[in-house]
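Engineer:
Numbering (the working numbering), first residue to last: 4 to 189.
1) Between which two residues does the beta strand (DSSP E) containing residue 130 stretch?
2) How is the alpha helix (DSSP H) around residue 87 delimited, first residue to last?
3) So, are the CB atoms of residue 35 and residue 53 less than 9 Å apart?
4) In three-state terms, what does DSSP make of residue 55?
5) Exposed or buried, what is residue 31 when buried is set at 16 or more other beta-carbons lying within 10 Å of its beta-carbon?
6) Within 10 angstroms of its Cβ, does residue 147 collect 16 or more other Cβ (buried), or is it exposed?
7) Out of 37, 131, 45, 157, which has the shortest C-alpha to C-alpha gap to residue 67?
8) If I measure Cβ to Cβ from residue 106 and keep anything under 8 Å in the same chain, skipping five residues before and after, which residues do I get?
9) Within 8 Å, do at least three Cβ pairs link the region 152-164 to the region 103-119?
10) With distance defined between alpha-carbon atoms, name the residue in 133, 124, 167, 64 nearest to residue 141.
11) Note the first and the last residue of the continuous beta strand (DSSP E) segment covering residue 154.
12) If we ignore side chains and look at the alpha-carbon of each, how far apart do residue 1 and residue 172 end up?
13) If we ignore side chains and look at the alpha-carbon of each, how far apart do residue 166 and residue 176 end up?
14) For residue 89, collect the residues of the same chain with a Cβ closer than 7 Å to its Cβ; drop the 5 residues on either side in sequence, then sort them by chain order.
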């Protein structure tokens with residue numbers, strides 16, 4: 004009887020450890036497989052390289068642009084001021100048809116999140132489909148290894164979350180080719 008009890012406890016511990024490992028891998032967006040990637044350039048200037056990641060390596064097309072967890076990772080290839088980044092975000096929301104009453108509080112929140120961007124800086128937005136977190140990583144010229152991205156902000160409102168991701172993933176985005184490459188539908 005003791006052997007059966009010990010085996011049951013042992014199997015329970017193994018099962019818990021395996022479940023925790025699976026949950027941990029879902030939570031760590033840095034190990035998610037790539038869905039797609041795209042390069043944004045204007046005339047002769049490279050602006051950024053972007054990647055879309057998800058726990059499954061797939062993007063599920065749905066009416067909701069964030070129907071499942073995903074990470075949008077952008078590595079900037081030129082310096083961009085915080086104000087330029089904010090202005091470009093607002094401009095994209097206007098083109099997507101969001102009204103000023105929605106945009107104003109979102110822009111105010113992003114003003115406290117967005118940093119000044121230097122060439123090589125990476126910003127990643129990770130969403131669970133309803134809320135999200137911004138991560139910042141400044142590429143070091145000293146070749147630092149093992150430096151983790153730093154969380155710099157959150158979006159706790161689902162409509163704001165969807166609006167932010169819509170800039171890249173909405174069917175009516177200004178850059179449909181970039182969207183197609185990101186979602187893997189080339």
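For every residue, glycine included, the Cβ atom is placed at its ideal position computed from N, Cα and C. A quick note: this is a predicted structure, and the numbers were derived from the prediction, not measured.
Structural biologist: Taking the structure as given:
1) 125-130
2) 85-98
3) no
4) Annotated three-state conformation of residue 55 is strand, per DSSP.
5) exposed
6) At residue 147 the pLDDT is 48, less than 50, meaning the model places this residue with poor confidence; the figure from the coordinates comes in the next sentence. Residue 147 comes out exposed.
7) 131
8) 93, 96, 97
9) yes
10) 124
11) 153-158
12) No answer is possible for residue 1: the residues shown for the chain start at 4 and end at 189.
13) Looking at the two C-alpha atoms, the distance is approximately 11 Å.
14) Closer than 7 Å at the Cβ level, and outside the excluded window around residue 89, lie 110, 113, 114, 117.
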